[in-house]
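Structure record follows, encoded as structure tokens.
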Amino acid sequence: MKYITWILVFAAPLQIWSQFRLNEVDNWRDSAIRAVGGLVGLVPEGLVLLTTLAFLSAALKLTREQVLVQELPAVEGLARVSVVCIDKTGTITTGNIVFEGIEILDDTDESTVRAALGALADDPAANNTLTTIGDAVHPPKDWIAGALVPFDSSRKWKANAYEGRGTWYLGAPEMLASNNEALLAQVAQHADTGRRVMLVAHSSITAPTTDLPSDLTAIAIVLLREEVREDAAETLSYFREQGVRVIVISGDNPHTVGAIARVVGLDGREPIDARTMGTTVEEISQSLQRGNVFGRVSPEQKRTVVQALQEQGEVVAMTGDGVNDALALKRADIGIAMNNGAPATKAVAQLILLDGRFSHLPSVLAEGRRVIGNVERVANLFLAKNAMSLVAIIGAAVAGIQFPILPRHMTLISTVTIGIPAFILALGPNPRRYVPGLLKRVLSFAVPAGAIAGIAVVAANAVSDDNSGTGATMAALMSFFAILFILSRPLKGWKMALLLSMIGLAVTAYVTPLGSNFFGFTHDVTLTTRSAIVGGIAMVCISGVNRVRSRWLEEKPEGSSPN
């Protein structure tokens with residue numbers, strides 16, 4: 170729009186001067202009308218409206234599919250997504266956790282371990298994991314809690330002192346018992362089957378701190394299993410087919426994440442432990458080249474993963490439901506939160522899955538691509554009209570002739586070749602995949618095609634020696650029907666019906682007495698023949714421009730288009 174404004178600043182004085190210098194002072198009305206006829210064509214009056222309408226229709230459609238769009242520009246961003254980063258819990262899995270049992274590691278009585286687990290789970294800020302454990306073992310009534318260290322996603326453990334019972338710990342085995350290789354090997358065996366494993370440990374201290382005590386003893390492991398979404402494999406398969414990279418970044422054990430990733434069809438054979446990959450963008454960029462499944466990822470690392478991908482030129486969508494996902498969601502180009510997620514996560518997300526179903530994401534991606542593909546078609550139509558008007562203005566000024574198209578003719582051209590078709594195309598289905606380089610594709614077709622139409626307008630007026638605008642309007646209509654034909658491909662039923670109906674409206678306006686009188690058309694065989702020849706040559710040239718452009722874009726795949 171900025172460039173079109175500058176073109177108007179240049180073209181308006183030229184058009185006004187060229188038209189007024191051709192007429193006597195007392196014929197200023199005709200000059201003004203013809204000047205307006207050219208300037209009207211330079212204003213893409215419907216482009217902003219139809220673009221906004223396309224975005225709004227996408228937002229409404231997604232809402233019906235239980236996806237809330239919180240920021241309208243996110244619809245456009247959806248089309249450009251090249252990487253989807255997903256958290257395991259709540260995305261690949263339903264978030265429902267099943268308590269499978271306890272394995273005692275020393276001679277501690279199981280009833281004591283269950284009591285300790287129940288006491289640790291009796292937490293006002295309990296997450297889904299603690300709630301599941303609490304439901305399975307039930308909190309004891311005679312354990313009096315004292316000092317505590319709450320769970321933290323970077324430490325990955327919590328601790329609570331109990332009167333006369335020391336301090337009990339619950340958390341990730343590799344954090345609480347990092348030096349116990351035998352225990353970690355046992356944990357890895359369970360994790361490789363897709364289980365989540367937590368460690369119960371004990372210390373005699375009565376006032377726990379964020380530092381682990383020297384007498385911390387591993388007591389038991391807790392086995393949990395998450396329910397994998399039935400549609401997760403199909404959803405992730407869709408992303409692969411669409412050329413979208415899927416990266417799993419989870420705070421859980423890498424072996425557990427890898428096992429679940431394999432269940433849904435991702436390559437989780439060699440999951441990467443995020444504790445080994447550093448924290449800088451450069452270090453994480455190197456790790457991203459090694460695989461797509463990461464475990465024990467901290468909230469800060471999740472954000473850095475997104476940043477590293479963005480610096481590689483990727484457009485990143487991030488899904489999550491926990492507070493630890495909020496930083497990454499805010500950094501991502503498109504943040505997608507679950508409706509049952511943390512308020513902080515939903516506050517920074519552009520999209521919210523109202524029913525929490527990951528399977529909506531293919532529809533979300535497809536809708537974004539539909540919108541941006543249709544906006545590209547609409548932009549081609551409007552910018553081609555702008556180019557036609559500019560070339561016709563310059564041509565009329567250089568040739569010293571009256572501008573050949575009157576405002577009423579421009580109304581007909583805009584209505585049947587741009588306005589109505591653009592409205593329908595903006596809202597119609599469009600299954601093609603998004604390819605970067607939209608602006609280059611639009612300019613490489615709309616500008617030369619519009620210029621050819623502008624030349625045809627001036628040429629038709631010259632060869633027909635007609636001031637009524639009939640020949641110029643006919644040449645413009647034929648040129649834009651060729652443009653519309655190219656932009657509507659593939660010509661399925663509704664597109665063919667659209668094209669034929671618009672041609673029918675144009676013919677009706679020309680042949681019927683009412684249309685002819687209103688638009689001031691002249692019915693002359695010679696005029697019609699010459700104008701049709703000029704229009705036909707323009708159609709051939711526009712088709713040639715499209716072929717040349719297609720070959721040029723094929724040599725530059727980043728901007729190719731299947732038009």
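With the numbering used here, the residue at position 196 of the sequence shown is 365, and numbering never jumps. Note that the Cβ used here is the ideal one computed from N, Cα and C, for glycine as well. These numbers come from a predicted model, not from an experiment.
Just checking my contact of residue i with residue j at CB under 8 Å: how many whole Å lie between their CB atoms?
i           : j           : result
residue 464 : residue 439 : So it is not a contact: roughly 11 Å between Cβ atoms.
residue 585 : residue 674 : 5 Å
residue 622 : residue 641 : Not confirmed; about 10 Å, so no contact.
residue 288 : residue 331 : 6 Å
residue 335 : residue 372 : 6 Å
residue 226 : residue 646 : Contact doesn't hold; Cβ gap of about 29 Å is too wide.
residue 699 : residue 632 : 5 Å
residue 389 : residue 271 : 5 Å
residue 322 : residue 493 : 4 Å
residue 298 : residue 266 : 6 Å
residue 324 : residue 375 : No, residue 324 and residue 375 are not in contact; Cβ-Cβ is about 20 Å, not under 8 Å.
residue 398 : residue 365 : In fact, because the Cβ distance is near 16 Å, the residues do not count as touching under 8 Å.
residue 491 : residue 473 : With 8 Å as the limit, residue 491 and residue 473 do not qualify as a contact, their Cβ atoms being about 17 Å apart.
Just tell me which of the options has its CA closest to the CA of residue i.
i           : options               : result
residue 530 : 341, 503, 511 and 509 : 503
residue 209 : 548, 582, 351 and 447 : 582
residue 446 : 709, 684 and 471      : 471
residue 274 : 386, 405, 599 and 695 : 386
residue 302 : 339, 533 and 666      : 339
residue 391 : 462, 286, 491 and 453 : 286
residue 614 : 557, 660, 564 and 592 : 557
residue 639 : 616, 688 and 665      : 688
residue 607 : 616, 591, 580 and 542 : 542
residue 469 : 422, 457, 486 and 448 : 448
residue 625 : 176, 561 and 363      : 561
residue 217 : 577, 643, 656 and 544 : 544
residue 716 : 278, 483, 366 and 618 : 618
residue 593 : 309, 664, 415 and 537 : 664
residue 532 : 436, 720 and 411      : 411
residue 344 : 381, 312, 374 and 355 : 381
residue 278 : 221, 616, 644 and 369 : 369
residue 598 : 605, 658 and 395      : 658
residue 712 : 490, 701, 528 and 655 : 655
Can you tell me where the alpha helix (DSSP H) holding residue i begins and where it ends?
i           : result
residue 375 : Looking at the DSSP string, residue 375 is not in any alpha helix (DSSP H), and its letter there is neither H nor E.
residue 499 : 495-500
residue 679 : 662-680
residue 655 : 639-657
residue 579 : 576-583
residue 694 : 694-723
residue 616 : 607-633
residue 229 : 216-233
residue 453 : 450-457
residue 279 : 279-290
residue 589 : 589-596
residue 517 : 512-517
residue 469 : 468-480
Hey, could you find the ends of the beta strand (DSSP E) residue i is sitting in?
i           : result
residue 269 : 262-273
residue 551 : Here residue 551 belongs to no beta strand (DSSP E); instead the alpha helix (DSSP H) covers 530-568.
residue 485 : 485-489
residue 337 : 335-340
residue 429 : Counting along the chain, residue 429 falls outside any beta strand (DSSP E), though it belongs to the alpha helix (DSSP H) covering 423-432.
residue 463 : 462-464
residue 507 : 503-507
residue 520 : 520-522
residue 492 : No beta strand (DSSP E) holds residue 492; DSSP gives it neither H nor E.
residue 237 : 236-238
residue 250 : From DSSP, residue 250 is part of no beta strand (DSSP E); its letter is neither H nor E.
Do the region 516-525 and the region 493-508 make contact, defined as three or more Cβ pairs closer than 8 Å?
yes
Extract the residue ranges of the beta strand (DSSP E) inside the region 383-415, only unbroken runs of 3 or more that lie entirely within it.
386-397
Does the region 544-557 come within contact of the region 493-503, defined as at least 3 CB pairs closer than 8 Å?
no
What are the uninterrupted segments assigned as alpha helix (DSSP H) that are 4 or more residues long and contained completely in the region 296-353, given in chain order?
297-306 and 342-345
Any chance the region 229-241 sits against the region 490-501, with 3 or more Cβ pairs inside 8 Å?
no
Could you check whether the region 474-483 touches the region 425-434, counting it as contact only if at least three pairs of C-beta atoms, one from each stretch, sit closer than 8 Å?
no
Touching by the beta-carbon criterion (3+ pairs, under 8 Å), the region 244-257 and the region 562-581
no
Are the region 239-248 and the region 352-359 touching by the rule of at least three beta carbon pairs closer than 8 Å?
no
Is there contact between the region 645-656 and the region 704-721, where contact requires at least three CB pairs shorter than 8 Å?
yes
So, do the region 587-605 and the region 662-679 have three or more beta carbon pairs nearer to each other than 8 Å?
yes
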